[in-house]
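Participant: This is the structure I have questions about; it appears just below.
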Amino acid sequence: MLSFFSQSVCRSLRTSIIPCKIRLQNHSLWRLPERSLNTRIDPIIIGLSDGARKSVGYWLMGMAGLTFGAIVIGGLTRLTESGLSMVDWHPFKEVPPRTEEAWEKEFEKYKQFPEYGHVVRDRGEMTLSRFKFIWYMEWCHRQWGRLIGVAYAIPAALFWYKGYFNKGMKIRVVCYGVLIGFQGLLGWFMVRSGLKTPPRPVGMDPKEEFVGVPRVSHYRLAAHLSTAAILYSLFLWSGFSHLCKHPMIKRFPEVTKLKIWGHSSKAMMFTALIFGAFVAGLDAGLTYNSWPKMADRWVPDDLVVARYGSTLRNLVENPTAVQFMHRSLAYLTVALVTGAWAMTLRVPGGGVVTGQQLRNAAHFMLAATLCQSTIGIAALLKYVPVWLGAMHQAGSLVLLSTILWYTHCLRAIPK
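When we follow the numbering used here, the leftmost residue of the sequence shown carries the number 5, and every step to the right adds one.
See the structure below:
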């Protein structure tokens with residue numbers, strides 16, 4: 005899906021309008037690519053040969069693809085309730101058990117933590133074969149993360165050695181590497197929160213019997229997903245800068261409004277993604293499974309409940325309020341994207357003024373928004389089956405990608 009999207013982006017960015025002049029340097033590597041004579045040049049690729057630029061660009065798009073895969077696998081791990089199956093963490097020596105005895109030993113370790121008791125109470129039993137499935141799901145997610153680290157570090161070191169990074173790109177490369185390492189630590193920090201005995205809810209009667217559901221902190225889950233989405237966005241944005249041609253477009257009066265609509269759509273979509281993580285962490289997708297109303301009301305009665313304390317705390321901890329917020333943010337995202345699309349098409353002069361690639365980006369952005377909304381509603385009405393939940397998470401990244409492409413196209417227009 006990502007490969008098809010990136011190919012569509014780059015196919016639509018073939019034309020050019022106004023030549024630009026930039027001083028050339030003598031060294032054979034540090035020269036402007038041929039395309040620079042008539043297209044906008046991003047500062048992070050100034051001085052690169054076409055070969056170096058494409059090599060780095062394809063690598064960055066590959067890293068974006070791997071990060072996309074990690075997020076989808078992480079969503080599947082969550083949806084299949086596999087995330088707490090591995091109760092310890094070793095940076096370099098995590099290998100599957102090789103014998104039945106070793107599997108039994110690993111299973112016994114799992115039984116020492118609260119999730120096993122919850123599964124037995126909820127389903128009657130947890131078999132060894134079921135444990136193997138959820139263990140392999142979590143193991144694959146962790147190994148995919150390690151693959152990302154290797155796929156990043158080795159090419160980055162090689163390109164650095166060959167001089168394929170200018171000063172601006174070197175700073176980005178270091179920051180991306182730090183973010184990858186931080187993401188791995190954040191993942192284990194999140195898992196640890198789910199290995200503890202669930203705390204009694206605030207305000208609950210101490211005499212009332214409480215049997216909590218072991219789950220990771222939804223705050224840590226949101227941080228883990230958000231960091232991955234940021235990393236994906238950074239890889240994709242830099243990949244666009246290396247591979248895609250933006251014609252030099254003259255400023256037109258509506259450009260400021262387009263940038264406001266575009267960046268507002270991006271911010272709103274990312275906020276909706278964070279609340280989507282809250283929905284997943286609190287199982288809030290199972291509280292009200294009707295649409296467009298929540299049961300028979302537009303605003304449910306239990307939107308603010310005293311047991312959660314303040315209104316603000318309700319909005320981030322009360323499952324009903326969290327689902328309501330996710331719905332509301334999704335509606336706002338649809339409205340903003342539709343507004344950006346309409347504003348783009350209404351610019352006098354059409355593609356001659358805005359550039360055809362900006363209009364193409366607007367069409368992709370609107371299509372992705374409508375598809376994502378449809379999948380989200382279907383997942384809600386079907387009580388979030390694994391396949392629809394995974395599609396909804398993947399759809400959020402596709403939507404984010406199209407919004408990033410749209411705002412990247414806007415960078416070709418002078419301020």
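Even for Gly, the Cβ is constructed at its ideal location relative to N, Cα and C. Just so it is clear, the structure is predicted and the values come from calculations on it, not from any experiment.
Helix, strand or coil for M90? Go by DSSP, reduced to three states.
Facilitator: Taking the first residue of the sequence shown as 1, we reach residue 90 at position 86. Residue state, collapsed to three classes: coil.
Participant: In angstroms with no decimal places, state the Cα-to-Cα distance between K136 and W93.
Facilitator: Residue mapping note: residue 136 aligns to position 132 of the sequence shown, counting from 1. Residue mapping note: residue 93 aligns to position 89 of the sequence shown, counting from 1. Whole-angstrom Cα-Cα distance: 17 Å.
Participant: Smallest Cα separation from L349: which of L88, L333, L336, L370?
Facilitator: Residue mapping note: residue 349 aligns to position 345 of the sequence shown, counting from 1. It is L370 whose Cα lies nearest to the Cα of L349.
Participant: Would you give the residue range spanned by the alpha helix (DSSP H) that W302 belongs to?
Facilitator: Here residue 302 is taken as the residue at index 298 of the sequence shown, counted from 1. Annotation: W302 is outside any alpha helix (DSSP H) and is labelled neither H nor E by DSSP.
Participant: Could you give the DSSP three-state label for P251: helix, strand or coil?
Facilitator: Along the sequence shown, one-based indexing puts residue 251 at 247. Here P251 sits in strand by DSSP.
Participant: Going by beta-carbon coordinates alone, are L229 and Y180 separated by less than 8 Å?
Facilitator: Translated into positions along the sequence shown, residue 229 becomes position 225. Translated into positions along the sequence shown, residue 180 becomes position 176. Not in contact: L229 and Y180 (Cβ atoms no closer than 8 Å).
Participant: Going by DSSP in three states, F193 sits in which element: helix, strand or coil?
Facilitator: As a first step, residue 193 is located in the sequence shown; it is residue number 189 there, counting from the start. Three-state result, F193: helix.
Participant: Determine, using beta-carbon pairs with one atom in the segment 296 to 305 and one in the segment 320 to 339, whether at least three such pairs fall under 8 Å.
Facilitator: yes
Participant: With DSSP as the reference, label P418 as helix, strand or coil.
Facilitator: On the sequence shown, position 414 is the one that residue 418 refers to. Three-state DSSP puts P418 in coil, outside helix and strand.
Participant: Rounding to the nearest angstrom, what Cα-Cα distance links W139 and G185 in this structure?
Facilitator: Locating residue 139 in the sequence shown gives position 135, where the first residue counts as 1. Locating residue 185 in the sequence shown gives position 181, where the first residue counts as 1. Going by the C-alpha atoms only, they are around 23 Å apart.
Participant: Assuming contact is defined by CB atoms lying nearer than 8 Å, are A56 and L240 in contact in what I supplied?
Facilitator: As a first step, residue 56 must be located in the sequence shown, where it is residue number 52. As a first step, residue 240 must be located in the sequence shown, where it is residue number 236. No, they are not a contact pair.
Participant: For G289, count neighbouring C-beta atoms within 10 Å of its own C-beta (all shown protein chains included) and say buried if the count is 16 or more, exposed if not.
Facilitator: Taking the sequence shown and counting its residues from 1, the one referred to as residue 289 is at position 285. Buried is the call here.
Participant: Can you tell me which of the three DSSP states N318 falls into?
Facilitator: Position 314 of the sequence shown, counted from the start, is the residue given in the question as residue 318. In the structure shown, N318 sits in a helix (DSSP, three-state: H, G or I).
Participant: Could you check what DSSP says for I50 in three-state terms: helix, strand or coil?
Facilitator: Along the sequence shown, one-based indexing puts residue 50 at 46. Of the three classes helix, strand and coil, the one that applies to I50 here is coil, per DSSP.
Participant: Among G191, G153, L199, A416, which has the Cα closest to the Cα of V178?
Facilitator: Within the sequence shown, residue 178 is the residue found at index 174, counting from 1. Checking every option, the nearest Cα to that of V178 belongs to G153.
Participant: Quick one: complete alpha helix (DSSP H) runs, 4+ long, within the segment 220 to 252?
Facilitator: 222 to 247
Participant: Between which two residues does the alpha helix (DSSP H) harbouring P323 extend?
Facilitator: What you label residue 323 is simply residue 319 of the sequence shown in a count that begins at 1. Where P323 is concerned, the enclosing alpha helix (DSSP H) stretches over 323 to 349.
Participant: What are the boundary residues of the alpha helix (DSSP H) that includes F169?
Facilitator: Here residue 169 is taken as the residue at index 165 of the sequence shown, counted from 1. Run containing F169: none; DSSP gives neither H nor E here.
Participant: Run through DSSP, which three-state label would I381 get?
Facilitator: In the sequence shown, counting from the first residue as 1, residue 381 sits at position 377. I381 falls in the helix class under three-state DSSP.
Participant: What three-state label does DSSP hand S32 in the structure shown?
Facilitator: Mapped onto the sequence shown, residue 32 falls at position 28. Caution applies to S32, whose pLDDT of 36 falls short of 50 and renders its modelled position unreliable; the model cannot decide the point.
Participant: Leaving out the 5 sequence neighbours to the left and right, which residues in its chain are closer than 7 Å to W192 when beta-carbon positions are compared?
Facilitator: Against the sequence shown, residue 192 aligns to sequence position 188. Taken in chain order, the residues that qualify are W93.
Participant: Output needed for Y312: all residues of its chain with C-beta closer than 6 Å, excluding positions within five of it in sequence on either side, in chain order.
Facilitator: Along the sequence shown, one-based indexing puts residue 312 at 308. N318, E321, N322.
Participant: According to DSSP, is L403 part of a helix, a strand, or is it coil?
Facilitator: The residue labelled residue 403 in the question sits at position 399 within the sequence shown. Looking at L403 - three-state DSSP - the assignment turns out to be helix.
Participant: Can you tell me whether K25 is buried or exposed? The criterion is at least 16 other CB atoms within 10 Å of its CB, across all chains shown.
Facilitator: For this step, residue 25 is matched to residue 21 along the sequence shown. For K25, the predicted model reports a pLDDT of 34, less than 50, meaning its position is unreliable; a value from the coordinates is still stated below. K25 sits exposed, since fewer than 16 C-beta atoms from the chains shown fall within 10 Å of its C-beta.
Participant: Are there 16 or more other CB atoms within 10 angstroms of the CB of L41, so buried, or fewer, so exposed?
Facilitator: Residue mapping note: residue 41 aligns to position 37 of the sequence shown, counting from 1. With a pLDDT of only 42 at L41, under 50, the local geometry of the prediction cannot be trusted, and no value is derived from it.
Participant: Just reading off the alpha helix (DSSP H) that A106 is part of, what are its end residues?
Facilitator: Taking the sequence shown and counting its residues from 1, one reaches residue 106 at position 102. Start and end: 104 to 115.
Participant: Would T315 and T337 be called neighbours here (beta carbons separated by less than 8 Å)?
Facilitator: Taking the first residue of the sequence shown as position 1, residue 315 is located at position 311. Taking the first residue of the sequence shown as position 1, residue 337 is located at position 333. In this structure, T337 does not lie closer than 8 Å to T315 by Cβ.
Participant: Starting from G128, trace the alpha helix (DSSP H) both ways and give me its first and last residue.
Facilitator: As a position in the sequence shown, residue 128 is number 124, starting the count at 1. Unbroken run through G128: none, as it is neither H nor E.
Participant: Could you tell me the distance, in whole angstroms, from the CA atom of Q397 to the CA atom of G280?
Facilitator: To locate residue 397, count along the sequence shown from 1; it is residue 393. To locate residue 280, count along the sequence shown from 1; it is residue 276. Near 9 Å, if we compare the C-alpha coordinates of G280 and Q397.
Participant: Where does N364 fall in DSSP's three states?
Facilitator: The residue you call residue 364 lines up with position 360 of the sequence shown. Of the three classes helix, strand and coil, the one that applies to N364 here is helix, per DSSP.
Participant: In the DSSP assignment, the alpha helix (DSSP H) including I45 goes from what residue to what residue?
Facilitator: Stepping through the sequence shown from its first residue, residue 45 is reached at position 41. Run containing I45: none; DSSP gives neither H nor E here.
Participant: Can you have a look at Q29 and say buried or exposed, based on whether 16 or more other CB atoms are within 10 angstroms of its CB?
Facilitator: In the sequence shown, counting from the first residue as 1, residue 29 sits at position 25. For Q29, the predicted structure reports a pLDDT of 36, less than 50, and the residue's modelled location is therefore unreliable. A value from the coordinates is still provided. Per the 10 Å Cβ criterion, exposed.
Participant: Cα-Cα, which of F117, R176, A106 is closest to G243?
Facilitator: Your numbering for residue 243 matches position 239 in the sequence shown. Looking from the CA of G243, the closest CA among F117, R176, A106 belongs to R176.
Participant: Might you give, ordered along the chain, the residues of its own chain that have their beta carbon closer than 7 Å to the beta carbon of T420, omitting 5 neighbours on each side?
Facilitator: For residue 420 there is no data in the structure shown, the boundaries of the chain being 5 and 419.
Participant: Are the Cβ atoms of M272 and L340 separated by less than 8 Å?
Facilitator: Here the question's residue 272 lines up with position 268 in the sequence shown. Here the question's residue 340 lines up with position 336 in the sequence shown. Cβ distance < 8 Å, so M272 and L340 count as in contact.
Participant: Kindly indicate which three-state DSSP category V178 falls into: helix, strand or coil?
Facilitator: Start at 1 with the first residue of the sequence shown, and residue 178 comes out as number 174. Of the three classes helix, strand and coil, the one that applies to V178 here is helix, per DSSP.
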